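S.K.:
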Amino acid sequence: MYALWGMILAASGLTVWLALQSPWLGVRFGLSDAGKEVVVVAVAEGRDEIPEGAVAQRLLGRDGAGIELQPMDIIEEPDFYDTYAEMDVFFARQARLDAILRSGEVRLQWQTEDSSAGETILFPGKRPLRDLPWVFWSQIIAGFASLLIAGWVYLLRPQDWGARMFALTGLAFPFATSSAALYSTRELALPEELFRQLSMLNHFGSTAFGMALVALFLCYPRLLVRPVYLLFIPAIFGAWYLTDVFRWAPDVDWGIRFPLIVELMLAISFAVIQWRKSFRQPLERAALRWFTFSTLLGCSLFILVVVAQSALGLPPLLSQGYSFGFFLIMYAGIALGLRRYRLFNMDEWAYRILLWVFGATTVISLDVLLVLAGVEQRLSLGGSLLIAGWLYFPFRQWLWQRIVNSNAVRLETLLPQLSELAFMPVGEAREAHWDAVLRRMFDPLEVRRSEPTCTQPSVQDDGLALCLPAPGGMQGRTLRFAAGGRRLFSTRDAAFAATLCHLAEQLLSGREGYERGVRQERQRLARDLHDNIGARLLRLIHHLRGTPDAEIARDAMKDLRTAIAAMDMAPVPLSNALADWRAEIEKRCEAAPCRLEWRQPDELPAGQLAPRTKAMLESVMREMITNAIKHAAPAHIEVEIAAARGLLRMSVSNDGAISDPRSWESGYGLRNMRGRLEELGGRFDISHSTDKVCLIAEVPLT
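Throughout the sequence shown, residue numbering follows our numbering, covering 490 to 1191 in sequence.
1. How would you label Pro905, buried or exposed, when you count the other beta carbons within 10 angstroms and need 16 or more for buried?
2. Taking the alpha-carbon positions, what's the Leu1085 to Gly1145 distance?
3. Just the C-alpha distance for Thr980 and Val948, rounded to the nearest angstrom, thanks.
4. Please report the distance separating the alpha-carbon of Leu755 from that of Ala545.
5. Trp599: buried (16+ other C-beta within 10 angstroms of its C-beta) or exposed?
6. Can you tell me the Cα-Cα spacing of His1177 and Glu1010, whole angstroms?
7. Considering only residues of the same chain and omitting the five flanking positions on each side of Ile745, which have a CB-CB separation below 7 Å?
8. From Met835 to Leu977, what distance separates their C-alpha atoms?
9. Just mark Leu644 as buried or exposed, buried being the case when its beta carbon has 16 or more other beta carbons within 10 Å.
10. Just to confirm the assignment: which complete beta strand (DSSP E) runs, minimum length 3, are found wholly within the stretch 1068–1113?
11. Tell me whether Asp1174 sits in a helix, a strand or coil according to DSSP, three-state version.
12. Start and end of the alpha helix (DSSP H) containing Met1139?
13. Quick one: measure Cβ to Cβ for Asp932 and Ala972, integer angstroms, because I've assumed they're closer than 8 Å.
14. If you follow the alpha helix (DSSP H) that Ile1030 is part of, which residue opens it and which one closes it?
15. Could you give the uninterrupted runs of the beta strand (DSSP E) lying entirely in the stretch 909–939, keeping only those of 3 residues or more?
16. Rounded to a whole number of angstroms, what is the C-alpha to C-alpha distance between Val516 and Gly495?
17. Extract the residue ranges of the beta strand (DSSP E) inside the stretch 554–637, only unbroken runs of 3 or more that lie entirely within it.
18. Tell me which residue opens and which closes the alpha helix (DSSP H) that Glu474 is part of.
19. Grab me the residues of Ala1045's own chain with a C-beta within less than 7 Å of its C-beta, minus the 5 sequence neighbours each way, in chain order.
20. Per the contact definition of three or more C-beta pairs closer than 8 Å, is the stretch 518–526 in contact with the stretch 547–563?
21. Take Gly614 and list the residues in its own chain whose beta-carbon comes closer than 7 Å to its own, dropping the five residues that flank it on each side.
22. Going by other Cβ atoms of all chains shown within 10 Å of its Cβ, with 16 needed for buried, is Ile589 buried or exposed?
23. Does the pairing of the stretch 665–673 with the stretch 704–724 give three or more beta-carbon distances under 8 Å?
24. Do three or more CB pairs link the stretch 1135–1145 to the stretch 1118–1127 at distances below 8 Å?
25. Between the Cα of Ala652 and those of Ala661, Phe662, Gly640, spot the shortest distance and give me the residue it belongs to.
26. Could you pull the DSSP bridge partners for Phe655 from this structure?
27. Give me, in chain order, the residues of the same chain whose beta-carbon lies closer than 8 Å to that of Leu712; leave out the 5 immediate sequence neighbours on both sides.
28. Measure the CB-CB distance between Phe759 and Val703 and report whether it falls below 8 Å.
29. Using C-beta distances below 7 Å, list every residue in its chain close to Ile1030, excluding the 5 sequence neighbours before and after it, in chain order.
30. What residues match up with Val741 in a beta bridge as DSSP calls it?
31. Exposed or buried, Gln628, counting other C-beta atoms within 10 Å across all chains shown (16 or more means buried)?
32. With H, G and I counted as helix, E and B as strand and the rest as coil, what does DSSP make of Ile539?
33. Quick check on DSSP: helix, strand or coil for Arg831?
34. Restricting to Cα atoms, I'd like to know which of Val915, His922, Thr967 is closest to Glu940.
35. Under DSSP, the alpha helix (DSSP H) around Leu690 begins and ends at which residues?
36. Are the beta-carbon atoms of Ala611 and Leu621 separated by less than 8 Å?
Here is the structure:
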């Protein structure tokens, strides 16, 4: 890294030294408002006799040889000409001007607006450092800052072909900026041969930069070709560069501008291929997205503002020196893409930049078209802004919705599903429903459950994962690969997830508070029933002991105990419930008297019955036994329990007085049994044969 800094400082120092070697008059020239005359813009201290704003007409040397100053003499970039013949004329005039400046004594003839003429004798000296304009320093900074960024990325990843090609772009770019800084900020003229060499160096830097950019998109984020095939790029564009050096190209467009445009088009084409190759690779795609859009922003704006304007024969919209600053944006974006630094926060900005570039391109293109169509220049910009506003902004809004918000789920559409979470039973059902909410919101390829590792939603693994806390006592979650692997998680996703988790916590806390209140109220009612009604029934049982009514009081006490048990919130194992029912039925059959045959499988499902479910089934079972003993007076009662495919089946058959069930009157007991079972999602049925009748109850086991 120190070697890189040393190289940058040495190259910068050499560029500044060369810029200070030209003879200096202490006069800054510019163009008149009409652009047809050279005027004095500013003068250095000691040149006050030259009025600012005066037209600089002629420059003469010590030997009297002179030349009339023309606007072409102070043009900053010879590439603005369309033919090599025009460039040769320009360089020839530069040679004459440089000879006059080096003659030791220069006479400047000028004329003011009131037609007052004058002549000032100037003695060229060494150019001071303070005279170098800001546009000079901006080009130096742009070139060597890009080299510093590219070198930094390469030193971090020297084996990565993408980093290598990026380093080559950074190495080539200062050749273009430093050479342009020297000749574009000259006071008036440079030696012809030096100027030509600097111009060729600028062309070389631009072409080499484009070649490295094409190779970069062939290598990053994955190699599209074997590295050896990258040599075809310099073979093709190096030969094209030679057509410019030896003037084999028909004009400047073919020699300089078209190669740059072709290189940009190739880079964009390979970027599209890389995009298709990175399907379901969100980190690669996010890096490529920012990578591509930053390149489009830097290169496209430079070409639109400088190269394309020259190709159309129009003056550049911005000084070429300042336009090099566009590439710094590109270098920063590419560096972030290669280093994959916080790319999850850049997705939307990448799209915003694309839309900004598209909007600016639209306005510039419309402005150019209106000028070419004959519209006055002062009206063309306003017209282009008006047309672009009508067409671009609706299109921009539509495109933004399609690209950025196409898969977004609005919170109001998610609330009904989220609110259902509060009504899910604790356990797997609630966990699965929370998974479904998260899948609908973020469409991750993977949802991992684990102990909570974060207290707030946070983006992890460069946007590949989103860590969620555990709302309402559920497990924590780690979501991976958002939108089916097509994008990264962003801080916006984390903020939305925080809202979801907060709402889920509020819903589950509210549900828990409601259930806690229900439990407390049930416990109070159970205590009141036990302490008051239970005590009175117990006194009644003792008072009626030995009488027929004592049995009725005992049955009432059993019903009361069943009702109190139903208020308990703790579930009861199925085997325990069956044991309780069997013990009660055995006592009743002994008292009837009749023989009981109880059949149930040796192994029962490990399920549990909610207290209310147990109480309702207990009432149904009790009513079926009561009906058999009371109405049939059987000698034998058979109870069969079966549990299979998530259903609990209880059947009670007897051999008592048999009648066709269709002739039975649907009394209160039958209606109650059917109603209770339907409330539990089950069914009640009666079967009849010649020797027995069977009552059947079925309910789902949950």
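Every residue, glycine too, gets a C-beta built ideally from N, C-alpha and C. Keep in mind it's a predicted model, so treat the numbers as computed, not measured.
M.R.: Looking at the coordinates:
1. Residue mapping note: residue 905 aligns to position 416 of the sequence shown, counting from 1. By the neighbour-count rule (16 or more Cβ atoms within 10 Å), Pro905 is not buried but exposed.
2. Here residue 1085 refers to the residue found at position 596 when the sequence shown is read from its first residue. Here residue 1145 refers to the residue found at position 656 when the sequence shown is read from its first residue. In a straight line, the C-alpha of Leu1085 is about 13 Å away from that of Gly1145.
3. What you label residue 980 is simply residue 491 of the sequence shown in a count that begins at 1. What you label residue 948 is simply residue 459 of the sequence shown in a count that begins at 1. Those two C-alpha atoms are separated by around 7 Å.
4. For the purposes of this step, residue 755 is taken as the residue at position 266 of the sequence shown. For the purposes of this step, residue 545 is taken as the residue at position 56 of the sequence shown. Spanning the two alpha carbons is a distance of roughly 46 Å.
5. Sequence index remark: in the sequence shown, residue 599 carries index 110 (1-based). Its Cβ being crowded by 16 or more others within 10 Å, Trp599 is buried.
6. As a first step, residue 1177 is located in the sequence shown; it is residue number 688 there, counting from the start. As a first step, residue 1010 is located in the sequence shown; it is residue number 521 there, counting from the start. If I take the Cα positions, the gap works out to 45 Å.
7. As a first step, residue 745 must be located in the sequence shown, where it is residue number 256. The answer, listed in chain order, is Asp568, His692, Asp733.
8. As a first step, residue 835 is located in the sequence shown; it is residue number 346 there, counting from the start. As a first step, residue 977 is located in the sequence shown; it is residue number 488 there, counting from the start. Residue placement at Met835 is poorly supported in this model, since its pLDDT is 43, which falls under 50; the coordinates still yield a value, given next. Spanning the two alpha carbons is a distance of roughly 10 Å.
9. Start at 1 with the first residue of the sequence shown, and residue 644 comes out as number 155. With fewer than 16 Cβ atoms within 10 Å of its Cβ, Leu644 is classed as exposed.
10. 1084–1088
11. Locating residue 1174 in the sequence shown gives position 685, where the first residue counts as 1. Reduced to three states, the DSSP call for Asp1174 is strand.
12. Here residue 1139 corresponds to residue number 650 of the sequence shown, with the count starting at 1. Segment 1136–1143 is the beta strand (DSSP E) holding Met1139; no alpha helix (DSSP H) there.
13. Walking along the sequence shown from the start, residue 932 turns up at place 443. Walking along the sequence shown from the start, residue 972 turns up at place 483. At roughly 5 Å, the Cβ-Cβ gap stays under 8 Å, so Asp932 and Ala972 are in contact.
14. Along the sequence shown, one-based indexing puts residue 1030 at 541. Per DSSP, Ile1030 belongs to the alpha helix (DSSP H) from 1024–1032.
15. 935–939
16. The count along the sequence shown starts at 1 and reaches residue 516 at position 27. The count along the sequence shown starts at 1 and reaches residue 495 at position 6. Whole-angstrom Cα-Cα distance: 34 Å.
17. 555–557, 595–600, 606–611
18. Outside the modelled stretch of the chain, which goes from 490 to 1191, sits residue 474, for which no answer is possible.
19. Translated into positions along the sequence shown, residue 1045 becomes position 556. Closer than 7 Å at the Cβ level, and outside the excluded window around Ala1045, lie Leu1026.
20. yes
21. Reading the sequence shown from its first residue, position 125 is the one you call residue 614. Cβ within range, chain order: Trp513.
22. As a first step, residue 589 is located in the sequence shown; it is residue number 100 there, counting from the start. Looking at its Cβ environment, which holds 16 or more other Cβ atoms inside 10 Å, Ile589 is buried.
23. no
24. yes
25. Position 163 of the sequence shown, counting from 1, holds the residue named residue 652. Cα-wise, what sits closest to Ala652 is Gly640.
26. For the purposes of this step, residue 655 is identified with residue 166 of the sequence shown, where counting begins at 1. Its beta-bridge partners do not exist; DSSP assigns none.
27. The sequence position of residue 712 within the sequence shown is 223, counting from 1. Trp650.
28. Translated into positions along the sequence shown, residue 759 becomes position 270. Translated into positions along the sequence shown, residue 703 becomes position 214. A contact, by the Cβ cut-off of 8 Å.
29. On the sequence shown, position 541 is the one that residue 1030 refers to. Closer than 7 Å at the Cβ level, and outside the excluded window around Ile1030, lie Ala1039, Ala1042, Arg1043, Met1046.
30. Residue numbering aside, residue 741 sits at position 252 when the sequence shown is read from its first letter. Val741 pairs with nothing; no bridge assigned.
31. Along the sequence shown, read from residue 1 onward, the residue named residue 628 stands at position 139. With 16 or more Cβ atoms within 10 Å of its Cβ, Gln628 is classed as buried.
32. In the sequence shown, residue 539 corresponds to position 50, counting from 1. Residue state, collapsed to three classes: coil.
33. Counting from 1 along the sequence shown, the entry for residue 831 is found at position 342. Confidence in Arg831 is poor, its pLDDT being 45 and thus under 50, which makes the residue's placement unreliable; the coordinate value appears in the next sentence. Here Arg831 sits in coil by DSSP.
34. Sequence index remark: in the sequence shown, residue 940 carries index 451 (1-based). Nearest option by C-alpha distance: Thr967.
35. For this step, residue 690 is matched to residue 201 along the sequence shown. Per DSSP, Leu690 belongs to the alpha helix (DSSP H) from 681–708.
36. Counting from one through the sequence shown, the residue named residue 611 turns up at place 122. Counting from one through the sequence shown, the residue named residue 621 turns up at place 132. Looking at the sequence provided, one finds Leu at residue 611 rather than Ala. No, the pair does not count as a contact, with Cβ atoms beyond the cut-off.
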